[in-house]
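Asker:
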Amino acid sequence: MTTAVFKPTGYKIGILITILSVVIYGIGIPFFHMMELKAFDLHFLSRGRVEPVGEVVIIAIDEKSLDKFGRWPWKRTRIAELIEKLNDYGAKVVAFDIVFAEPDESSGINAIRDLKGRLKNKGRDVISVIETVERTTDNDSRLALALKDSPSVILGYFFFTSRDEIKHIEGQPHDSSLIKGELKGGGGFMVRNIEKGAPPPELLNAVGVEGNIPIISEAADDFGYFNIVPDSDGTVRWVPLAIKYGEDIYPHISIEAIRKYLDSPPMFLNVAGYGVDSIEIGGGIIPTDEKGRLLINFRGSQKTFPHYSFSDVVDGTVPTDALKDKIILVGATATGIYDMRVTPFSGAFPGIEIHANIIDNILQGDFIERPDWLVVFDLLTILLLGIFLSILIPKIRPAFTALITIALIGFYIIANNYIFNNYNVWLTEVYPIFTIILVSGGVTVFQFMTEEKEKRKIGKAFSHYVSPSLVNEILKDPKKLVLGGEEKRLTVLFSDIRGFTTVSETLKPQVLVKLMNDYLTPMTDIVLKNGGTIDKYMGDAIMAFWGAPVWQEDHQIRACRTAVEMLKKLHELQIVWGKEGIPKLEIGVGISTGKVTVGNMGSSTRFDYTVIGDTVNLGSRLEGLNKEYGTYIILPKYTYEDVKGDFVMRQLDWVKVKGKTKPIKIYELMGDKDSENGLREASEIFEAGLNSYMERDWDRAESSFQDVLKLRKDDAPSKVFIHRVEMLRKTELPPDWDGVFVMTKK
């Protein structure tokens, strides 16, 4: 029992691989995580472009603008000019993906300040004029003035998230006035615990900041960082909507743009026990992961959003209604400025367009989600797929395994794509597919290895029972071979040498062994040649059957042909034995067709492939009946009906074999259908005599049997019935006499 439990099978191997898949999923191997990210990217490429809502417009610092205004960075007066133009166009929100971290070096203010220093003691009137020129010549002041007149503007800044990034500013004091979006400034988050006792959220922590210079920072009202954090493969898929710096939490520029677009409602960072749950602005919920990151639902490749060149806006050539009441994002798209990112749609995607995608996601509310129940769903999917394949694959051929594997993978990918495209849900794809491949491949390899081993085992076992050609046929498809036991309709043959015990007592052991080998070898060859299976040798007796282990439609014909050929071979052997002084040996053959139980039977240490059942017992009884009638081959009606057109046969009698209550009709197989020597005529006359015998017409019956003897002087069955007629004439028969011969011996 214990051995059977631990014996490897295809099903058990599949279950073990499934458990391994669950463990690998739980560990979270980086390679599979990376593959999952790539599969996520493919969802976008499969889905294609999605039209944005139309509220976001990009003002591009592009090649056209660089050609017109020169290389970047430009004078701050250019930026001020843009802001003024956008005010004229009626833009509702203007967000800069730019940080003005240093003074404008192109400003003429530096020369004026130097002149002012030299003349400060030489005349106050001159100094007054210089101070006026100073204010109007300072490009940074010019931009600051434009910002004060434009409350719709949001300035960007950048957080450093590692110490290596801030070596150039270490030791400098932090001036929180550089970032007006902090909590106390009214532009940050209010943390709200949606679960009692929720711990502080584990947000991305900043260690430094690249802010705007004071003159510009102080002129603006709203700020937002524009950090974009790629995954480990360099592709941008998530964006941190909140970053912690010091004790405060600051919003991403896209969040700040939405807040301003909605007329500055409060922003809540909803925190649960597992981390950040969501961000809420003006009653709208933005789902995030536990770290406050948003999974970006990219709309498409570059220029999915309306783009207008910076130079065209400044020149006033943009349509008047193109920018009215829109969220305007100002940033670089020119390749030379190096603000390019990798996204699922492109290897060179402007960072400003990523912000546009985020804002459009929030406006449309079509967020891509990784549901809370995803882990449970993934585990159930892995388990169900693994168990299903573990049960199915051991029962099918490798070709079907490949088809089912491909079909399952294809179906899962299509279903995942459908769910992604229609419900914006990102389900795990790689681990279930990995499970399908690993279970299918593992079980198939195991099946192949065990089948090869089983083939060798079968070949070794059945080479003693069946012919080499039949062994090869079995090995082509071992699954057709049922060794555990099954019920089948097949044909059994018994042969036995008559009076062998008496003969064997007169022979020396060496002569007896040689005689047995000389007899059994050719008889076995005949059985195997006709596709039979040797069940066993019982001394001089042979038991064989047809129709198993490989099914044969013509099993009855094969058995009968074997019997005829065995008789022919026996006649050849009789000639040889006669020359050696061995008495003439005769055989009897019994053939029976019907249902039997076939399979490996025996003990746990030794067993044989054999058949049992009433059909087997009947075959043995019929073999013994040959002694009663002086015949060689006897078979029942069930076999006769299947082979009567292929051989010469005659009805022999109605008999009731020992152990049975119902009589059966038996036939003698006299030869193949091409046999001559008056067999057919003799069989017809004999059957006429048998009919007369059953009708108690003794004279006509005896006459018929005598006529048979004229054709075949040694016809033993005719002599048997002549003797019976003589006996019955002297006997007073009961009214219910039916002519059935009752067999009293086995």
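For any residue, its number in our numbering is found by taking its place in the sequence shown, counting from 1, and adding 43.
Heads up, the beta-carbon is just placed ideally off N, CA and C, and yes, glycines get one too.
Small disclaimer: the values here were computed from a predicted structure and weren't measured.
1. Assign T534 to one of three DSSP states: helix, strand, or coil.
2. May I ask which residues mark the beginning and end of the alpha helix (DSSP H) holding Y54?
3. Are A241 and V319 touching if we call contact CB-CB under 7 Å?
4. Please confirm whether F796 and L712 have their CB atoms less than 7 Å apart.
5. Using only CA atoms, which one of D131, G633, P760 and K716 lies nearest to E671?
6. For the candidate residues A731, K705, I411 and S205, whose alpha-carbon lies nearest to that of D781?
7. Quick one: Cα of P679 to Cα of N669, how far?
8. Does the segment 357 to 364 come within contact of the segment 423 to 434, defined as at least 3 CB pairs closer than 8 Å?
9. Answer yes or no: do A285 and L312 have a C-beta to C-beta separation smaller than 7 Å?
10. Quick one: Cα of E796 to Cα of V96, how far?
11. Any idea what DSSP makes of I104, helix, strand or coil?
12. Work out the CA separation of V65 and L422 for me, nearest whole Å.
13. Would you mind sorting N720 into buried or exposed? The rule is 16 or more other CB atoms within 10 Å of its CB.
14. Anyone know if the C-beta pair for L696 and F784 falls short of 7 Å?
15. Within 10 angstroms of its Cβ, does D218 collect 16 or more other Cβ (buried), or is it exposed?
16. If distances are taken between C-alpha atoms only, which option among V763, L190 and N459 comes closest to A744?
17. Look at the alpha carbon of M786 and the alpha carbon of Y736, and state the distance between them as a whole number of angstroms.
18. Mind reading off the beta-carbon distance from F201 to V272? Whole number of angstroms is fine, and I expect it under 8 Å.
19. List the whole-angstrom C-beta distance separating Y675 from I630, where the pair is believed to meet the contact cut-off of C-beta under 8 Å.
20. What's the gap between the Cα of G289 and the Cα of L247?
21. Cutting at 8 Å between CB atoms, please list the residues of its own chain near F392, excluding the five before and the five after it.
22. Considering only residues of the same chain and omitting the five flanking positions on each side of L754, which have a CB-CB separation below 8 Å?
23. Taking all protein chains shown into account, decide if E529 is buried (16 or more other Cβ within 10 angstroms of its Cβ) or exposed.
24. Rounded to the nearest angstrom, what separates Q356 and E106 at their Cα positions?
25. Can you tell me whether D742 sits near the ligand NAD, meaning its C-beta is under 6 Å from at least one heavy atom of the ligand?
26. Scan the segment 644 to 675 and note each continuous alpha helix (DSSP H) run of 4 residues or more that stays entirely inside, going in chain order.
27. Counting along the chain, where does the alpha helix (DSSP H) carrying R723 start and finish?
28. Decide yes or no for the touch test of the segment 246 to 265 against the segment 181 to 190: beta carbon pairs closer than 8 Å, at least 3 of them.
29. So, is Y466 buried or exposed, given that buried needs 16 or more other C-beta atoms within 10 angstroms?
30. With DSSP run on the structure shown, which of helix, strand or coil describes S220?
31. Which residue comes first and which comes last in the alpha helix (DSSP H) that contains A123?
32. DSSP three-state label for L771, please.
33. Using only alpha-carbon positions, find the residue among I765, E738 and S747 that is nearest to L776.
34. Would you kindly work out how many angstroms separate the C-alpha atoms of I447 and I329, rounded to a whole number?
35. Buried or exposed: N643, going by 16 or more other Cβ atoms within 10 Å of its Cβ?
36. Please look up how many angstroms separate the CB atoms of I104 and T376, rounded, as I've assumed it's under 8 Å.
Answerer: Taking the structure as given:
1. For the purposes of this step, residue 534 is taken as the residue at position 491 of the sequence shown. Here T534 sits in strand by DSSP.
2. Residue mapping note: residue 54 aligns to position 11 of the sequence shown, counting from 1. Its alpha helix (DSSP H) spans residues G53 to I70.
3. Here residue 241 is taken as the residue at index 198 of the sequence shown, counted from 1. Here residue 319 is taken as the residue at index 276 of the sequence shown, counted from 1. Against a cut-off of 7 Å, the Cβ pair of V319 and A241 comes out as no contact.
4. What is shown of the chain runs 44 to 789, which leaves residue 796 out entirely.
5. Within the sequence shown, the letter at position 628 stands for residue 671. For E671, the nearest C-alpha among the options comes from P760.
6. Residue numbering aside, residue 781 sits at position 738 when the sequence shown is read from its first letter. The shortest C-alpha separation from D781 is found at K705.
7. Position 636 of the sequence shown, counted from the first residue, corresponds to residue 679. Position 626 of the sequence shown, counted from the first residue, corresponds to residue 669. Cα-Cα distance, rounded: 13 Å.
8. With a cut-off of 8 Å on Cβ pairs, the segment 357 to 364 is not in contact with the segment 423 to 434, counting fewer than three such pairs.
9. What you label residue 285 is simply residue 242 of the sequence shown in a count that begins at 1. What you label residue 312 is simply residue 269 of the sequence shown in a count that begins at 1. Cβ atoms of A285 and L312: closer than 7 Å.
10. Since the first and last residues shown for the chain are 44 and 789, residue 796 lies out of range.
11. Residue mapping note: residue 104 aligns to position 61 of the sequence shown, counting from 1. I104: strand per DSSP, three-state reduction.
12. Here residue 422 refers to the residue found at position 379 of the sequence shown. Here residue 65 refers to the residue found at position 22 of the sequence shown. Rounded to whole angstroms, L422 to V65 spans 7 Å at the Cα level.
13. Counting from one through the sequence shown, the residue named residue 720 turns up at place 677. It is exposed - the Cβ of N720 has fewer than 16 other Cβ atoms within 10 Å.
14. Counted from its first residue, the sequence shown places residue 696 at position 653. Counted from its first residue, the sequence shown places residue 784 at position 741. Correcting the residue identity first, residue 696 is Asp in this sequence and not Leu. Contact flag set, yes.
15. Residue numbering aside, residue 218 sits at position 175 when the sequence shown is read from its first letter. With a pLDDT of 47 at D218, under the threshold of 50, the modelled position of that residue is not reliable, and the figure given next carries that caveat. Per the 10 Å Cβ criterion, exposed.
16. Here residue 744 refers to the residue found at position 701 of the sequence shown. The shortest Cα separation from A744 among V763, L190 and N459 belongs to V763.
17. Taking the first residue of the sequence shown as 1, we reach residue 786 at position 743. Taking the first residue of the sequence shown as 1, we reach residue 736 at position 693. About 18 Å.
18. For this step, residue 201 is matched to residue 158 along the sequence shown. For this step, residue 272 is matched to residue 229 along the sequence shown. The C-beta distance from F201 to V272 rounds to 12 Å, too long to meet the 8 Å contact threshold.
19. Here residue 675 corresponds to residue number 632 of the sequence shown, with the count starting at 1. Here residue 630 corresponds to residue number 587 of the sequence shown, with the count starting at 1. So it is a contact: roughly 7 Å between Cβ atoms.
20. Reading the sequence shown from its first residue, position 246 is the one you call residue 289. Reading the sequence shown from its first residue, position 204 is the one you call residue 247. If I take the Cα positions, the gap works out to 11 Å.
21. Taking the first residue of the sequence shown as position 1, residue 392 is located at position 349. Counting only Cβ-Cβ distances below 8 Å, and skipping sequence neighbours, we find V279, S344, Q345, M383, R384, V385 and T386.
22. Your numbering for residue 754 matches position 711 in the sequence shown. Cβ-Cβ distances below 8 Å link L754 to G721, E724, A725 and I728 in the same chain, with the five nearest sequence neighbours on each side left out; the list follows chain order.
23. Position 486 of the sequence shown, counted from the first residue, corresponds to residue 529. Label assigned to E529: exposed.
24. Position 313 of the sequence shown, counting from 1, holds the residue named residue 356. Position 63 of the sequence shown, counting from 1, holds the residue named residue 106. What sits at residue 356 in the sequence shown is Val, not Gln. Taking the straight line from one Cα to the other gives about 14 Å.
25. The ligand NAD is absent from the structure shown, which contains no ligands of any kind.
26. Contiguous alpha helix (DSSP H) elements confined to the segment 644 to 675 occur at 657 to 672, taking only those with 4 or more residues.
27. In the sequence shown, the residue the question calls residue 723 occupies position 680. That run of the alpha helix (DSSP H) goes L722 to M737.
28. Touching, yes, given that three or more Cβ pairs across the two stretches are closer than 8 Å.
29. What you label residue 466 is simply residue 423 of the sequence shown in a count that begins at 1. Label assigned to Y466: exposed.
30. As a position in the sequence shown, residue 220 is number 177, starting the count at 1. Confidence at S220 is low in this model, with a pLDDT of 46, below 50, so its placement is unreliable and the value that follows should be read with caution. Looking at S220 - three-state DSSP - the assignment turns out to be helix.
31. For this step, residue 123 is matched to residue 80 along the sequence shown. Membership of A123 in the alpha helix (DSSP H) is indicated by the continuous run R119 to Y132.
32. Numbered from its first residue, the sequence shown carries residue 771 at position 728. In the structure shown, L771 sits in a helix (DSSP, three-state: H, G or I).
33. To locate residue 776, count along the sequence shown from 1; it is residue 733. That would be E738, whose Cα lies nearest to the Cα of L776.
34. Locating residue 447 in the sequence shown gives position 404, counting from the first residue. Locating residue 329 in the sequence shown gives position 286, counting from the first residue. A straight line joining the alpha-carbon of I447 with that of I329 spans about 41 Å.
35. On the sequence shown, position 600 is the one that residue 643 refers to. Exposed.
36. The sequence position of residue 104 within the sequence shown is 61, counting from 1. The sequence position of residue 376 within the sequence shown is 333, counting from 1. The C-beta distance from I104 to T376 rounds to 7 Å, short enough to meet the 8 Å contact threshold.
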